[in-house]
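One structure below.
There are 2 protein chains.
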Amino acid sequence: MATQRYSPSRPCRLGDVTSWDFETDVIVVGFGAAGASAAIEAAAAGARVTVFEVASGSGGTSAMAGGDIYLGGNGGTPAQRANGFEDTTEDFFRYMMLAGGPDADEARVRLYADNALDHYRWLEEQGVPYRTTYLPGKRQAPGTGDCLIWSGSEDAWPFNRAAKPCPRGHLPEVVGEMGGRRLVDTLARRALERGARVHFDARVAALVADDAQRVHGVVVRIDDRQRFARARKGVILCAGGFALNQEMLRHYAPQVARLAADGLSAGHDDGSGIRMGQSVGAAAIHMDELFATLPIYPPESHVKGILVNEQGQRFINEDAYPGRIAIYCMRQIGDRIYLLVDHAIFEQPTALSRIEVAAVGESWEEVERDLGMVEGTLVHTVQVHNRHAAKGEDPLFHKGAKWLKPLDEPPFAALACHLGQAFYPYFTLGGLRTLPTGQALTADGESVRGLYAAGRNCCGLPRWAEGYSSGMSLGDCTFFGRLAGRTAAGSPVLPEG
Amino acid sequence: MATQRYSPSRPCRLGDVTSWDFETDVIVVGFGAAGASAAIEAAAAGARVTVFEVASGSGGTSAMAGGDIYLGGNGGTPAQRANGFEDTTEDFFRYMMLAGGPDADEARVRLYADNALDHYRWLEEQGVPYRTTYLPGKRQAPGTGDCLIWSGSEDAWPFNRAAKPCPRGHLPEVVGEMGGRRLVDTLARRALERGARVHFDARVAALVADDAQRVHGVVVRIDDRQRFARARKGVILCAGGFALNQEMLRHYAPQVARLAADGLSAGHDDGSGIRMGQSVGAAAIHMDELFATLPIYPPESHVKGILVNEQGQRFINEDAYPGRIAIYCMRQIGDRIYLLVDHAIFEQPTALSRIEVAAVGESWEEVERDLGMVEGTLVHTVQVHNRHAAKGEDPLFHKGAKWLKPLDEPPFAALACHLGQAFYPYFTLGGLRTLPTGQALTADGESVRGLYAAGRNCCGLPRWAEGYSSGMSLGDCTFFGRLAGRTAAGSPVLPEG
Chain C
867 MATQRYSPSR PCRLGDVTSW DFETDVIVVG FGAAGASAAI EAAAAGARVT VFEVASGSGG
927 TSAMAGGDIY LGGNGGTPAQ RANGFEDTTE DFFRYMMLAG GPDADEARVR LYADNALDHY
987 RWLEEQGVPY RTTYLPGKRQ APGTGDCLIW SGSEDAWPFN RAAKPCPRGH LPEVVGEMGG
1047 RRLVDTLARR ALERGARVHF DARVAALVAD DAQRVHGVVV RIDDRQRFAR ARKGVILCAG
1107 GFALNQEMLR HYAPQVARLA ADGLSAGHDD GSGIRMGQSV GAAAIHMDEL FATLPIYPPE
1167 SHVKGILVNE QGQRFINEDA YPGRIAIYCM RQIGDRIYLL VDHAIFEQPT ALSRIEVAAV
1227 GESWEEVERD LGMVEGTLVH TVQVHNRHAA KGEDPLFHKG AKWLKPLDEP PFAALACHLG
1287 QAFYPYFTLG GLRTLPTGQA LTADGESVRG LYAAGRNCCG LPRWAEGYSS GMSLGDCTFF
1347 GRLAGRTAAG SPVLPEG
Chain A
867 MATQRYSPSR PCRLGDVTSW DFETDVIVVG FGAAGASAAI EAAAAGARVT VFEVASGSGG
927 TSAMAGGDIY LGGNGGTPAQ RANGFEDTTE DFFRYMMLAG GPDADEARVR LYADNALDHY
987 RWLEEQGVPY RTTYLPGKRQ APGTGDCLIW SGSEDAWPFN RAAKPCPRGH LPEVVGEMGG
1047 RRLVDTLARR ALERGARVHF DARVAALVAD DAQRVHGVVV RIDDRQRFAR ARKGVILCAG
1107 GFALNQEMLR HYAPQVARLA ADGLSAGHDD GSGIRMGQSV GAAAIHMDEL FATLPIYPPE
1167 SHVKGILVNE QGQRFINEDA YPGRIAIYCM RQIGDRIYLL VDHAIFEQPT ALSRIEVAAV
1227 GESWEEVERD LGMVEGTLVH TVQVHNRHAA KGEDPLFHKG AKWLKPLDEP PFAALACHLG
1287 QAFYPYFTLG GLRTLPTGQA LTADGESVRG LYAAGRNCCG LPRWAEGYSS GMSLGDCTFF
1347 GRLAGRTAAG SPVLPEG
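Residue numbers (my numbering), protein chains in the order written: chain C, 867 to 1363; chain A, 867 to 1363.
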């Protein structure tokens, strides 16, 4: 009976707790990149830390990522400087502000931009290995052990008008496995070394709050028994997003229905952390922002192709980050999206992408007919593109000159990148409203005492899918996870790196 | 000091109430269309009802509307039948389901579709006057006293593929003033006749809730004094949306930044009702859905024009409801949107629309040059359109034949409908998650006891801006306001109409 009274949306009242099974200073819910970073720093600040992780091991969804972290500014990271990129803090800041969209959080971006190099050093100190090598071109999780890549839209319109382009994706030195796994394993190990107590197979079912909605702990199920865990200083929710919660997706990000792929998740992004925050009055913001991506590369040569909708119209500069491209695909009328390529740039797309050849022809007229498009529409689009591409120009969508090439070498092909068919993996960007310190806030901006959040459990740096760059979520998880850990422990200032 | 403890986001604890200044069965917050309908029905069900309205008079934002209510099905309303429209309940249902978007609420739509004729009779019984006359064509708040108009996208793609088109906007018999004002005045008067006690200039500051988050009443400021009002049966939030709350707009619907107009509001859509619901654990859903409209008509002839973005591309069937058109305008890259017209269809746009002539030419080449568009783009778009329009076809966007006309009679003009310049008024569609009965729900679908919501304070029938039709919001406010009133009073079944 007691169990029925609690749920993520219905906190356990403090008065209902007859005795505590655990007592600690700081409880961290979730042991991915955000939770591990929070645990390390809370412990380093002298707090007793207990982590509850629903899975049987650490990592969460962070472990599925390529592992790059978005870093720069301050004259450049070691990898940036070694390769001649003198990234200024202001360029970094301006890029991040534009990437944050119409509600970019200036205080958060400023803190991150000013401290990104310190954060890089901190990651190294925890044991994350970085080389100083650079891979030019368009890459996604290359798996070579090299460090620096272009991981966003830095050199693409409109971002290249706002800030000097610079590569900022920093991959750990890992060959042949996902860098995200190495990153979180390293951080998790360090959290344990720092003295954090970690309980696996421990599902946090609800918060414990008093009448004034101050959070005092959690209700957690371990070994099929309900336990009560007290956090004297605070609870930090690092339980991920809601990419697996179909009801929440329908209520907050229903555009997901147009995608064939499943949510990117290690299996526990059920939104329970967000719902727990809401249960004590914290607001959840930008819940409609769904990061999705259409991996048109590799092969890199396909960036020289052009994307058209089923009306045969272009709609985006194809050199933008694939996450931005996917958002624009979802804005078109109709689910059919084609990538047009010619013989010179065609390579077989990766099987993973589920991008298939829809039509081939010796002329664009033939391709247009094969696709059943209205006569003259696709042909016109290619003609306009080719005429300007030959001059290194794209007056319509401002694609960069290096990716412009007339599509004039037959045979020609249209590759199907259809919504509902091609691989558009996604995860959620919306979450609890917080201060940069992790402090959870109500819709009126008041503090929910005793409650913090980090990672995709909150709405952090990446809050606008159009502006996402690879590495922003892990950068946010680790940096603001750290800050939440220190804040909850009562020592909010970041230490020197 | 006491006042600082409460806010819309921070409920007053029941234990903090030392004495009640008011005691009643049902408290209704807000006296617009939803609140008045709720008050009438709660009183009719035998409950003592107290209404708190922040303004000095009734009406809220409902009073600013044209006043049409979206009704049909069941073989047709009197106005539909008198004009030969035998609207079936299934067509009405299918249209409403498509209009509700990917998260259309089937239970809510079914209830509304099945009872729309009863609701029409109820409105008449309250004293809302309806004629049975019909105005064909494209109309917005004609102000002639006639009843039936085409108020949505019924006869436009893709809606006309899902359901047999039928006009369903029902305007009250009002000449020369806004029908919404007459509607709410009538309902407000009836609520008073039914015995509801109404307090104007009464700002509800917070809910009163017990430790289990059951709602027991409200804290309300009247005459600059804080009072405590007890609702034995329930509180119904009918306090409107958040079109005036800049912080909420930034966090939930930041696309509003692209619009020049102010939110449509009588002055109190500050989202406080939504925040109060959230403060006791109710979820707010579809908060990003922003109804906006681009009134390209009157003049009706302009529906025969074509809309293009700054790349010179069409992007929508221009015979869709202007609210749908506005959403697609906001999806284009760049803020410049043009309506292309020729001499035959041009009339001066209304001053209200802020649609101005951007370029005029004897040929489309000249217009294209004047607008600084890439050579051949606009001309191609018009050529493709004209070629098919001459045959009564629009293979690209499926505009209806009656609105298709080649734009081939010089002089030609491009009318500027730019975002950030033309008149795109808006209001918010997101709000508290509720059952059709008005019962407020948490993110896990659990009831928040003692709390109900209706109108734009909740997320109701209209929850997808792309699918909005004029009259859907007032239909939702009045019908589900009634149901919330009866439910809170303990008598949830709708009476016979």
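Beta carbons are placed, not taken as given, at the ideal position from N, Cα and C, and that holds for glycine.
All values derive from a computational prediction rather than experimental measurement.
Check, Outcome
"In terms of residues, what are the limits of the alpha helix (DSSP H) holding Thr1353(C)?", "1338-1354"
"Less than 8 Å between C-beta atoms, sequence neighbours within five positions excluded: which residues of the same chain meet that for Trp1330(A)?", "Ala965, Gly966, Gly967, Pro968, Asp969, Ala970, His1152, Glu1155, Leu1295"
"Taking Cβ-Cβ distances shorter than 7 Å, what residues in chain A pair up with Gly1177(C)?", "Position check: residue 1177(C) holds Gln in this sequence, whereas Gly was assumed. Leu1262, listed in chain order."
"When you compare the CB of Pro874(C) with every CB in chain A, is at least one pair closer than 8 Å?", "yes"
"Hey, quick one: how far does the alpha helix (DSSP H) through Trp1375(C) stretch, first residue to last?", "This structure gives no information on residue 1375(C), because the portion of chain C shown stretches from 867 to 1363."
"Is Phe959(A) helix, strand or coil by DSSP?", "helix"
"Measuring CA to CA, which of Arg1220(C), Ala929(C), Arg1069(C) is closest to Pro1291(C)?", "Arg1220(C)"
"Helix or strand or just coil, what does DSSP make of Ser873(A)?", "strand"
"Any contact of the stretch 989-998 of chain A with the stretch 882-899 of chain A, i.e. 3+ C-beta pairs under 8 Å?", "no"
"Report the rounded CA-to-CA distance for Thr869(A) versus Asp1090(A), giving the unit in angstroms.", "Because the pLDDT at Thr869(A) is just 43, under 50, the model does not fix this residue reliably, and the value given afterwards should be weighed accordingly. Distance between the alpha carbons of Thr869(A) and Asp1090(A) is about 11 Å."
"Flag Glu1312(C) as yes if its beta-carbon sits less than 8 Å from any beta-carbon of chain A, otherwise no.", "yes"
"Please report the straight-line C-alpha distance between Gly912(A) and Arg1055(A), rounded to a whole angstrom.", "18 Å"
"I want to see whether chain C comes within less than 8 Å of Met867(A), judged by CB atoms only; does it?", "Residue placement at Met867(A) cannot be trusted, given a pLDDT of 35 that sits under 50; what the coordinates show is reported in the next sentence. False, the Cβ-Cβ gap to chain C never drops below 8 Å."
"8 Å is my cut-off, CB to CB: does Met1153(A) come that close to chain C?", "yes"
"Does any CB atom of chain C fall closer than 8 Å to the CB of Ala1149(A)?", "yes"
"If you run the structure through DSSP and keep just helix, strand and coil, what is Val994(A)?", "coil"
"Distance check for Tyr936(A) and Ser1339(A), CA to CA, integer angstroms please.", "8 Å"
"Hey, how far is the Cα of Met867(C) from the Cα of Ser885(A)?", "With a pLDDT of only 35 at Met867(C), under 50, the local geometry of the prediction cannot be trusted, and the value read off the model is given with reservation. Whole-angstrom Cα-Cα distance: 34 Å."
"With a threshold of 16 other CB atoms inside 10 Å of the CB of Ser1229(A), please say whether the residue is buried or exposed.", "exposed"
"Quick check on the DSSP output: the beta strand (DSSP E) that includes His1065(C) runs from which residue to which?", "1063-1065"
"Would you call Ala1225(A) buried or exposed, if buried means 16 or more other Cβ atoms sit within 10 Å of its Cβ?", "buried"
"Identify the contact partners of Tyr1118(C) in chain A, using a Cβ-Cβ distance below 7 Å as the criterion.", "Ile1151"
"Can you tell me whether DSSP reads His1036(C) as helix, strand or coil?", "strand"
"Answer yes or no: does any C-beta atom of chain C fall closer than 8 Å to that of Arg1141(A)?", "yes"
"Taking 6 Å as the limit between beta carbons, can you name the residues of its chain near Lys1004(A), skipping five residues before and five after?", "Tyr1163, Glu1166, Val1169"
"In chain order, which continuous runs of the alpha helix (DSSP H) of length 4 or greater are located wholly inside the stretch 913-965 of chain A?", "944-948, 955-965"
"Identify the continuous beta strand (DSSP E) that holds Tyr1194(C) and give its terminal residues.", "Here Tyr1194(C) belongs to no beta strand (DSSP E); instead the alpha helix (DSSP H) covers 1188-1195."
"Tell me the rounded alpha-carbon separation between Tyr1118(C) and Tyr1118(A).", "11 Å"
"Mind pulling the chain A residues with CB within less than 9 Å of Arg879(C)?", "Asp1077, Ala1078"
"Taking Cβ positions only, does Val1250(C) come closer than 8 Å to chain A?", "yes"
"So, is the C-beta of Asp1128(C) closer than 8 Å to a C-beta in chain A?", "no"
"Below 8 Å on the Cβ atoms is my contact criterion, and I expect Gly1347(A) with Ser903(A) to pass it. Report the Cβ-Cβ distance as a whole number of Å.", "3 Å"
"Is it true that the CB of Asp957(A) sits closer than 8 Å to the CB of Gln946(A)?", "no"
"Closer than 8 Å, Cβ to Cβ, to anything on chain C: give me those residues from the stretch 926-949 of chain A, in chain order.", "none"
"CA-CA distance, Cys1324(A) and Phe1181(C)?", "35 Å"
"Which bits of chain C does Arg1093(A) rub up against, with CB to CB less than 8 Å?", "Residues of chain C passing the Cβ test: none, with the nearest at roughly 21 Å."
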